[in-house]
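Student:
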Amino acid sequence: MGLSRLDRYVLREVAVPFFFSLVLVIVLVFLLQANNLAGAALGLAISFEDIVVILSAALPP
Numbered sequence: 007m008g009l010s011r012l013d014r015y016v017l018r019e020v021a022v023p024f025f026f027s028l029v030l031v032i033v034l035v036f037l038l039q040a041n042n043l044a045g046a047a048l049g050l051a052i053s054f055e056d057i058v059v060i061l062s063a064a065l066p067p
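Letter by letter, the sequence shown follows residues 7 to 67 in this note's numbering.
See the structure below:
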């Protein structure tokens with residue numbers, strides 16, 4: 007009992023926009039975090055290593 011042709015079609019038509027939207031949201035959140043970090047780094051003496059650590063911690067698991 008596998009998926010029927012219609013089920014596979016619907017899954018394919020829904021999965022592509024879903025994952026595209028998911029990636030878009032993750033990138034936007036990452037860019038907002040980078041923007042906040044850049045604003046903080048201009049006022050503080052933050053090293054490049056600190057920036058990499060903070061941005062990597064902001065990524066989803």
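For every residue, glycine included, the Cβ atom is placed at its ideal position computed from N, Cα and C.
Predicted model only: the values in this text are computed from it and were never measured.
(1) Short of 8 Å in beta carbon distance, which residues of its chain neighbour F26, apart from the five on each side in sequence? Order them along the chain.
(2) Using a Cβ cut-off of 8 Å (strictly closer), state whether L34 contacts chain C.
(3) From what residue to what residue does the alpha helix (DSSP H) around I32 run?
(4) How about I60 and L34: are their beta carbons less than 8 Å apart?
Tutor: Reading off the structure:
(1) Here the question's residue 26 lines up with position 20 in the sequence shown. Taken in chain order, the list of residues that qualify is empty.
(2) Of the protein chains in the structure, only one exists, and it is not chain C.
(3) Numbered from its first residue, the sequence shown carries residue 32 at position 26. Taken as a continuous stretch (DSSP letters only), the alpha helix (DSSP H) holding I32 covers R11 to G49.
(4) On the sequence shown, residue 60 is found 54 positions in, with the first residue counted as 1. On the sequence shown, residue 34 is found 28 positions in, with the first residue counted as 1. Not closer than 8 Å, so no.
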